[in-house]
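Student:
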Amino acid sequence: MVPVPLTSPFSLRTILTNGIDRKVTAIERYVANNCYLVHTPAGAFRTKWVINCAGAFASDISEMHGYPNYPVRDFKGEYFVLDKKAGAFLKTPVYHAPNDRGGFSTHATPTVDGNVLVGPDSYITEEWEDYKCTKDHLDGLIRDGSKMFEQMRREFSIRNFAGIRWKRVDEEGNVLDSKLESDQQHNPNTVNLVGIESPGVTCALPLARRAVARLVAVEKPEVNEKFDPVRPALKRFYDMTREEQAEAIAADPEYGEIVCRCETVTRAEIRRAIHNPLGVHTVTGIKNRTRATMGRCQGGYCETRITEMIEQELGIKPTEVRYSHADSYMFTGPVRSGNAQDETTEGSVNA
Amino acid sequence: MKHVDAVIIGGGPAGLAAAIELRKKGIDDILILEREKKPSGILRQCIHDGFGLTRFGETLSGPKYAARFVREAEALQIPCLTDTTVLEVTPDRHVYASSSEHGMMEFEAGAIVLAMGCRERTRGAIRIPGTRPAGVYTAGVAQAYINLKNKMVGRKVVILGSGDIGMIMARRMTLEGAEVLGVFEVQPYASGLPRNVEQCLNDYNIPLSLSHTVTDIRGTDRLESVVISAFDEHMQPIPGTEKEYECDTLILSVGLIPENELTWMAGAEKDPGTSGAAVDENYQTTVPGIFAAGNVLHVHDLLDFVSLEAEALADGAARFLKEGSLPACNLAVRGNELVSGLTPSRISGEDDVTVSFRVRRPLRNCTIELVQGDTVVKRRRMPKALPAEMIQIKLKASDLSQTDDLEVKVTC
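Note that the protein sequences, when read in sequence, are chains Z and R.
Using my numbering, read the first sequence as starting at 1 and increasing by one per residue.
Using my numbering, read the second sequence as starting at 1001 and increasing by one per residue.
See the structure below:
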């Protein structure tokens, strides 16, 4: 059996959800200083090496640092996320036999967190960044997915989403292989990765090793024998034993306050996610980092608490709270100005 | 680990009523566990009136109705741990709960009352296609933001689903200056109470469109519009009827689901008809000593019935604590195809019992018969029956046999 690096794509996505003001607008090379200047709205960054792993925008970056602007097309797939209760019925991924083009269609996958994903189907979309779900494709997932996973019951539906893989294509639209290149003669100190084929997350580590090898071949850096690549993951409250939970609360009482009921995420974990060096400050960012709002009630219980924590921890106004993207405001203002009722008075028999 | 005679999970209307009634029946050692900062449950945010007509003979707001129970519980000195979330209930009646103040707690309970209420069905559960922008709220979440947190969630609003909270939020948001474009309901009839159609929609000229639903959600950051389509009698969209409504907010009132995760952890069996636990006439689940009442058992139409049901539960729970067990209930309760949400699941035939259920679709001039074998135990004629309204029928022990299952037959 081939070992596959097992991780959650949601935790990787976290980094993306906060990168909204770091979009690269230009890359300049300074030959005299043997460096690049990478321009973003948040300022320019000076660097010796540029590794392009920009996914959807990899072709644009590719052109900025001297490689061709490779034609890519959006291959889109839609998904069902099923309740952890469905996870009890599926212990191993279930795939269809490959079709005549060698591709897999809709399959059912248990996740490391215990949910089940059904999907993706695969189709080409002409719209850039088209992440919407459509009735036809969701109906198709139910039809095909039920064959892979017969417990795909209506009551297990939590959420739908769509993902896109940008594949390289030729002039006729035929799919070409992923590109990993470096051209030390024309574009020194660069590595270019474009049109990475599925499954990208699984391939990320081997691809990273190959990209680094290009840099090492040029720079021949000394190996730091003391470098420890293992970062022990923080254990989630949910994954702790009762004894560990008791200890965690004793050390930090905010571990005792369950903010997200479905996924058993504590106030301490959300506070840490907000103040992490790669901190998150949107409802979706907190979801991707901690799983709060990711369960069967989809934030019905915890979203009001999370938005309040974002305000308190970051010292911002409710109108500044964002759901995910830059303009995804959640509140238009106070309902009533002045002394509105709040948690401290409501529900009290003495009020 | 601490022993408690009766642990009550949830300090909402069901939990409070059960606790008070248990104390009145002589159970001294009671503990309510409540995850919010104060007891009262969802009533904290239900500032509209209309509660209490059956229970108190007058109409009250949610917080006022709850305050009567909170005050009584305080007068009876019933302890309630707030800011406390129950993590697990075991079949042998151990309860694990955590709070910042008290840390991880374990209780060994003589009896457990499950009173966790219900949660709202979400967009994902009914899989509405489209993008996933901000501005899509369930009605209860919008109600919490507006009534408890003083945060307005939007200005131009479409409401999907004619559940009671959706209609109440249509009125609420109109009163707070938002423009409510309409309430859309996929069924050919309103799913909430007729009084709410009148008082929340008709009185404010908010249109209610039946056999219509949202078929697309648009906008990347914040909601920009929704597409509404007419549906046929097979619940399929009719092509060509799509109409786009510009709006910044979509409120969903598409059903309530009993919140039973702890119930299943405890090993209780589910009643497929209610999505809640299968209970007998004493409101005892299939796990001895674990009881359930209120919206965790089956979603009620009126709050007053939640309180009354929880008070009735206290009879059985108190008897269990005093006698160590309850008589077996071996007779099944079944309904025909027009019956939904039937509870209890089992009776003994030796005690008075209240049977609750709803009809599956609106009916006129229907007959309800409760039958054991060839004997009609009770017959009731109803000129009109709606799925929005719970039907309760009381049966006397003297009318029941102890040998035949009970069937609820609705004919039209």
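All C-beta atoms in this analysis are idealised placements derived from N, C-alpha and C, irrespective of residue type, glycine included.
Is it the case that the Cβ atoms of F1184 of chain R and L1160 of chain R are separated by a distance below 7 Å?
Tutor: yes
Student: Starting from F1231 of chain R, trace the beta strand (DSSP E) both ways and give me its first and last residue.
Tutor: Here F1231 of chain R belongs to no beta strand (DSSP E), and DSSP marks it neither H nor E.
Student: Tell me the rounded alpha-carbon separation between D1203 of chain R and H1048 of chain R.
Tutor: Going by the C-alpha atoms only, they are around 15 Å apart.
Student: By DSSP, does R1258 of chain R sit in helix, in strand, or in coil?
Tutor: According to the sequence provided, residue 1258 of chain R is Pro. The question's Arg does not apply to it. Strand, per DSSP.
Student: At 7 Å on the CB atoms, spell out the chain R contacts of S328 of chain Z, in chain order.
Tutor: P1133, A1134, D1221, R1222
Student: Check for me: the beta strand (DSSP E) holding V1004 of chain R runs from which residue to which?
Tutor: 1002–1009
Student: Give me the subset of the segment 1069–1089 of chain R whose CB atoms are less than 8 Å from a CB atom of chain Z, sorted by chain position.
Tutor: V1070, R1071, E1074, D1083, T1085, L1087
Student: Less than 6 Å between C-beta atoms, sequence neighbours within five positions excluded: which residues of the same chain meet that for K1002 of chain R?
Tutor: Excluding sequence positions up to five before and after K1002 of chain R, its CB lies within less than 6 Å of the CB of F1107, all in the same chain and listed in chain order.
Student: Among all the DSSP beta bridges, which residues are the ones paired with R1380 of chain R?
Tutor: R:I1368
Student: Secondary structure at N288 of chain Z, three-state DSSP: helix, strand or coil?
Tutor: Helix at N288 of chain Z.
Student: Are A1006 of chain R and I1027 of chain R close, meaning C-beta to C-beta below 7 Å?
Tutor: yes
Student: Would DSSP call F237 of chain Z helix, strand or coil?
Tutor: helix
Student: Return no unless some Cβ of chain R is closer than 7 Å to the Cβ of Q245 of chain Z.
Tutor: yes
Student: Give the C-beta separation of M1173 of chain R and L1262 of chain R to the nearest angstrom, bearing in mind that I take them to be a contact with Cβ-Cβ under 8 Å.
Tutor: M1173 of chain R to L1262 of chain R, Cβ: 33 Å. No contact.
Student: What in chain Z is Cβ-close to N1295 of chain R, meaning under 8 Å?
Tutor: Within chain Z, no residue comes near N1295 of chain R; the closest Cβ sits about 14 Å away, beyond 8 Å.
Student: Tell me which residue opens and which closes the beta strand (DSSP E) that A1292 of chain R is part of.
Tutor: 1290–1292
Student: Please state if the CB of I196 of chain Z and the CB of K76 of chain Z are separated by a distance shorter than 7 Å.
Tutor: no
Student: Is the segment 1279–1297 of chain R touching the segment 1307–1324 of chain R, taking contact as three or more C-beta pairs under 8 Å?
Tutor: yes
Student: Opposite Q1392 of chain R in the DSSP bridges: which residues?
Tutor: R:S1356
Student: Sort R:V1070, R:L1223, R:I1032 by Cα distance to R1044 of chain R and report the nearest one.
Tutor: R:V1070
Student: Does W49 of chain Z come out as helix, strand or coil in the three-state DSSP assignment?
Tutor: coil
Student: Do we get a CB-CB distance below 7 Å when we pair V335 of chain Z with the residues of chain R?
Tutor: yes
Student: For the pair the segment 1346–1365 of chain R and the segment 1385–1398 of chain R, tell me if three or more CB-CB distances fall below 8 Å.
Tutor: yes
Student: Note down, in chain order, each residue of its chain lying with its Cβ closer than 6 Å to the Cβ of G114 of chain Z, except the 5 sequence neighbours on either side.
Tutor: K84, G87
Student: What residue does the beta strand (DSSP E) around H1094 of chain R start on, and which one ends it?
Tutor: Start and end: 1094–1099.
Student: For the 8 Å Cβ check, are there 3 or more pairs between the segment 1080–1093 of chain R and the segment 112–128 of chain Z?
Tutor: no
Student: Specify, as a first and last residue, the run of the beta strand (DSSP E) that M192 of chain Z falls within.
Tutor: It is Asn, not Met, that sits at residue 192 of chain Z in the sequence shown. Segment 190–194, the beta strand (DSSP E) holding N192 of chain Z.
Student: Sort R:L1406, R:T1122, R:P1207 by Cα distance to H1347 of chain R and report the nearest one.
Tutor: For the sequence presented, residue 1347 of chain R should be read as Ile rather than His. Residue R:L1406 is the option with its Cα nearest to I1347 of chain R.
Student: Between the segment 124–144 of chain Z and chain R, which residues of the former have CB atoms less than 7 Å from a CB of the latter, in chain order?
Tutor: Y131, K132, C133, T134, K135, L138
Student: In whole angstroms, what separates the C-alpha of G1012 of chain R from that of V1186 of chain R?
Tutor: 31 Å
Student: Quick check on the DSSP output: the beta strand (DSSP E) that includes M1104 of chain R runs from which residue to which?
Tutor: 1103–1114
Student: Which one or two residues does DSSP pair with G1335 of chain R in a beta bridge?
Tutor: R:V1408
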